Amino acid sequence: MYEKTVAAITDLVNDGTVPGVSYAFIDGSQVRRGLYGAEALLPSYEPLKANQLYDVASLTKVVGTVNVIMQLITAGKLALTDRVCDYLPQWQDNRVTVRHLITHTSGITGYIPHRNKLTAVELHTALLGLHVGENFERKMVYSDINFIFLGWIAETILGKPIQTLITEMVLQPLGMNESTFQPTDSTRCVPTEWSATRGLIRGAVHDPKAFVLKAHCGSAGLFSTLNDLVTFEQAMLSDSDLPMTQQQKATLLADQTPLHHQGRSFGWALLQVKGPTPHLCIWHSGYTGTCLVLDLQTQQGMVFLSNRVHPTAPNEAFLARRNAIIDVYLAEKASYVSAEVKAD
Numbered sequence: 001m002y003e004k005t006v007a008a009i010t011d012l013v014n015d016g017t018v019p020g021v022s023y024a025f026i027d028g029s030q031v032r033r034g035l036y037g038a039e040a041l042l043p044s045y046e047p048l049k050a051n052q053l054y055d056v057a058s059l060t061k062v063v064g065t066v067n068v069i070m071q072l073i074t075a076g077k078l079a080l081t082d083r084v085c086d087y088l089p090q091w092q093d094n095r096v097t098v099r100h101l102i103t104h105t106s107g108i109t110g111y112i113p114h115r116n117k118l119t120a121v122e123l124h125t126a127l128l129g130l131h132v133g134e135n136f137e138r139k140m141v142y143s144d145i146n147f148i149f150l151g152w153i154a155e156t157i158l159g160k161p162i163q164t165l166i167t168e169m170v171l172q173p174l175g176m177n178e179s180t181f182q183p184t185d186s187t188r189c190v191p192t193e194w195s196a197t198r199g200l201i202r203g204a205v206h207d208p209k210a211f212v213l214k215a216h217c218g219s220a221g222l223f224s225t226l227n228d229l230v231t232f233e234q235a236m237l238s239d240s241d242l243p244m245t246q247q248q249k250a251t252l253l254a255d256q257t258p259l260h261h262q263g264r265s266f267g268w269a270l271l272q273v274k275g276p277t278p279h280l281c282i283w284h285s286g287y288t289g290t291c292l293v294l295d296l297q298t299q300q301g302m303v304f305l306s307n308r309v310h311p312t313a314p315n316e317a318f319l320a321r322r323n324a325i326i327d328v329y330l331a332e333k334a335s336y337v338s339a340e341v342k343a344d
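The opening position of the sequence shown corresponds to residue 1 in UniProt numbering, with each subsequent residue numbered one higher.
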């Protein structure tokens, strides 16, 4: 099964768009895993090994920070209508709420000179000194800043760095024991970019803001394996109340933006599944070349892990190819469900 999707993935490697891919397809209790290609091209060729650690970049948002925020809401310690300035007094605009942040509708904008050369304290101050532009509430504009702020709000409430909270509230309860924000063995990590300033980035976070903010960054920084991300998807697809409650999982399938027509749920993007019973699924990507797709209705999911920024970024040709692979997967997945129904 999933022959067309696997063929599209191998083509992505064979034509040099990415060095290699680790992938998995989840159908209820069944999991199909695979890997293809290389994990490193520079300084020398290294074939991809099973269950390596990937810098998953912005998957940190939906695997980690979203679930910490939703657990705080469940505990009555936070509400979607709460104002950011009530938790982060340095933030001056009293219009922006938790809902705006988690749906990327805050409109926060502005330029920070020499951003990547600032210290963590300087970057913290600079981010809180940004302003709200004309897109406030009217347009979904994806931005790491929203989730950096969400992480700081969680820190204010619970008194620990957001990455510690993700570890304690999400990774450990789910048994994602290989996932970490601080890899101790770089050889277990799939490398990302060959940088003029940092050399080969391997075992250290690629994202420059996360590199500066370290444990206080809720937008990126997580390293995870194929097996751990399968564990995460299975938990999301199950009737468990981890990493969020069943009721909250159901709300992910609705547009949660203030105007309810901008294609965004709580952290996750919404995607239409065609077929006999059209419906919505959720997905998210990471800049380094990672992607999760979850169909909560049919209990199916895909994990896609690549290092598309190796050896050089940004490799924009990858984006259309990734989207095409998702389309192929959704079509095959629908056929699989249809065939199962007929067999019953």
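Glycine included, C-beta positions come from ideal geometry on N, C-alpha and C. These figures come from a predicted structure and were not determined experimentally.
Under the three-state reduction of DSSP output, H284 falls in the strand class. For L305, DSSP records a beta bridge to S22, T290. Ranked by Cα distance from T5, the options P276, N315, G301 are led by G301. Where V66 is concerned, the enclosing alpha helix (DSSP H) starts and stops at 66 to 74.
Using a 10 angstroms sphere on the CB of Y142, the tally of other CB atoms stays under 16, which defines it as exposed. In this structure, G133 sits near G107, with a CB-CB distance shorter than 8 Å. Under DSSP, W152 takes part in no beta bridge, so it has no partner. Taking the Cα of H100 as reference, the smallest distance to any Cα among V190, F149, P113 is reached at F149.
In the three-state DSSP reduction, F232 falls in the helix class (H, G or I). Residue environment analysis places Y54 among the buried positions, since at least 16 neighbouring C-beta atoms fall within 10 angstroms of its C-beta. It is roughly 15 Å from the alpha-carbon of V230 to the alpha-carbon of T60.
Rounded to whole angstroms, the Cβ separation of T17 and A317 is 6 Å, and the two are in contact under 8 Å. Contact annotation: V13 and V21 have beta-carbon atoms nearer than 8 Å. Counting C-beta pairs closer than 8 Å gives fewer than three between the stretch 249 to 269 and the stretch 159 to 176, which falls short of the contact rule.
The distance from the Cβ of T251 to that of T103 is about 12 Å, inconsistent with a contact at the 8 Å cut-off.
For R33, the enclosing beta strand (DSSP E) starts and ends at 30 to 40.
The beta carbons of V212 and A8 sit no closer together than 8 Å.
Within its own chain, the residues whose Cβ lies closer than 6 Å to the Cβ of I112, once the five positions on either side in sequence are excluded, are A126, listed in chain order. Scanning its chain for C-beta atoms nearer than 7 Å, with the 5 sequence neighbours on each side dropped, one finds around L128 the residues L88, Q90, W91, in chain order.
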